[in-house]
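Reading through the structure tokens given below for one structure.
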Amino acid sequence: MQLGILTTAQLMGVGWTKWQIERAVRGGALTRVRPGWFARPGCDAAALAAVRAGGCISCFSALRLHGVWVPERKGRHVRLPEHRRVRRKRRGSAVAKPRTCRLRAPEPPIAAAVDDLRTAVRCVLRCGTREECLVVLDSILHLQLARRDELEEWLRGAPQRERALLELADARSESGTESMVRWRLRALQLAVRIQVRVMDGVRVDLLIGDRLIIECDSREHHSEADAYESDRRRDRRLAARGFIVLRLSYRQIHDEWAAIEEDILAIVRAGRHRLPRRRTARPSAGLPEEFRIPAARCG
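Heads up, the sequence shown is in the working numbering, so the first residue is 631 and it goes up one at a time.
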């Protein structure tokens with residue numbers, strides 16, 4: 631997890647002595663990055679740059695390394711001590727400086743090349759949008775990387791608007807795209823249910839009303855032909871039973887949401903997300919006998 635960069639404390643924690651560390655430096659097995667920090671050959675270049683600047687990989691970048699589903703973001707997010715500043719990239723340099731992130735006090739010291747889960751989450755709450763934060767919290771709960779009570783402890787002292795996001799987080803969301811779409815639909819005041827079993831052996835990502843199904847594919851999802859065929863077979867079965875199925879790719883959710891929102895609202899406004907109401911009684915059933923329409927006779 632430390633991407634080939636270790637501190638003296640980490641090395642000694644696995645049994646190294648100071649003499650062994652110095653011998654490894656002289657022999658080329660380790661390179662001293664700065665006092666108390668060492669790199670192995672082939673270490674991660676971005677992490678090395680962060681440590682050389684006095685910081686570490688944090689925020690969304692650290693969460694991705696911990697296995698959390700995070701929104702698409704360019705570059706690495708780096709946390710620096712307050713007294714450090716990232717140098718501006720030199721004019722003409724092809725390498726952009728990383729995004730620097732901070733978290734609300736108390737800020738822990740930098741003790742590893744990659745921040746732990748708790749510190750990275752606290753960075754995200756200050757750096758990300760509300761939607762991005764919800765996606766992260768959903769993923770952490772779904773993957774069981776932390777319990778809800780642990781997250782509550784991590785968010786203690788944060789502003790109410792940040793703590794309120796945890797109340798909206800749902801461990802049932804199986805992908806970040808599903809979390810993104812759920813957040814946006816609820817912002818439209820649409821009642822949406824998560825991971826609903828609509829027929830034997832079929833559970834859908836999101837359901838609006840009785841029959842509008844929204845399936846959300848993630849970035850990594852369905853690159854193989856077998857998975858593609860399976861999804862189309864499933865969609866056909868659902869359509870045969872009267873469901874409306876909207877299958878959205880990650881790229882569509884990311885780049886074409888305005889058009890998707892318009893289509894969903896058009897379906898809802900037309901009432902097509904509801905099953906047709908069945909007539910339970912003839913129109914004349916409640917009238918006095920003399921005004922009732924006699925039933926048609928056969929033959």
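Backbone N, C-alpha and C fix where the C-beta goes; we use that ideal spot for every residue, glycine too.
Endpoints, the beta strand (DSSP E) within which residue i is located
{"i": "residue 846", "result": "842–846"}
{"i": "residue 669", "result": "667–669"}
{"i": "residue 673", "result": "That residue, residue 673, is in no beta strand (DSSP E); it is neither H nor E in DSSP."}
{"i": "residue 877", "result": "874–878"}
{"i": "residue 709", "result": "707–709"}
{"i": "residue 636", "result": "635–637"}
Exposure of residue i, with buried meaning 16 or more beta-carbon neighbours within 10 Å
{"i": "residue 808", "result": "buried"}
{"i": "residue 803", "result": "buried"}
{"i": "residue 762", "result": "buried"}
{"i": "residue 816", "result": "exposed"}
CA-to-CA distance, residue j to residue i, given in whole angstroms
{"i": "residue 846", "j": "residue 760", "result": "20 Å"}
{"i": "residue 651", "j": "residue 738", "result": "26 Å"}
{"i": "residue 736", "j": "residue 755", "result": "14 Å"}
{"i": "residue 792", "j": "residue 900", "result": "36 Å"}
{"i": "residue 810", "j": "residue 796", "result": "15 Å"}
{"i": "residue 659", "j": "residue 653", "result": "9 Å"}
{"i": "residue 785", "j": "residue 801", "result": "17 Å"}
Proximity of residue i and residue j at Cβ, strictly below 8 Å
{"i": "residue 771", "j": "residue 753", "result": "no"}
{"i": "residue 673", "j": "residue 709", "result": "no"}
{"i": "residue 747", "j": "residue 767", "result": "no"}
{"i": "residue 898", "j": "residue 820", "result": "yes"}
{"i": "residue 798", "j": "residue 764", "result": "yes"}
{"i": "residue 884", "j": "residue 841", "result": "no"}
{"i": "residue 743", "j": "residue 677", "result": "yes"}
{"i": "residue 750", "j": "residue 693", "result": "yes"}
{"i": "residue 667", "j": "residue 635", "result": "yes"}
{"i": "residue 844", "j": "residue 868", "result": "no"}
{"i": "residue 682", "j": "residue 663", "result": "yes"}
{"i": "residue 757", "j": "residue 707", "result": "yes"}
{"i": "residue 711", "j": "residue 806", "result": "no"}
{"i": "residue 812", "j": "residue 824", "result": "yes"}
{"i": "residue 828", "j": "residue 873", "result": "yes"}
In DSSP terms, what residue i is bridged to
{"i": "residue 829", "result": "832"}
{"i": "residue 662", "result": "668"}
{"i": "residue 744", "result": "687"}
{"i": "residue 731", "result": "709"}
{"i": "residue 823", "result": "837"}
Limits of the alpha helix (DSSP H) - the one that residue i falls within
{"i": "residue 785", "result": "Looking at the DSSP string, residue 785 is not in any alpha helix (DSSP H), and its letter there is neither H nor E."}
{"i": "residue 754", "result": "747–757"}
{"i": "residue 790", "result": "790–798"}
{"i": "residue 737", "result": "Run containing residue 737: none; DSSP gives neither H nor E here."}
{"i": "residue 652", "result": "648–657"}
{"i": "residue 806", "result": "806–817"}
{"i": "residue 895", "result": "887–899"}
Cβ-heavy atom distance, residue i to the ligand ATP, below 7 Å
{"i": "residue 687", "result": "Questions concerning the ligand ATP fall outside what the structure shown contains, since it holds no ligand whatsoever."}
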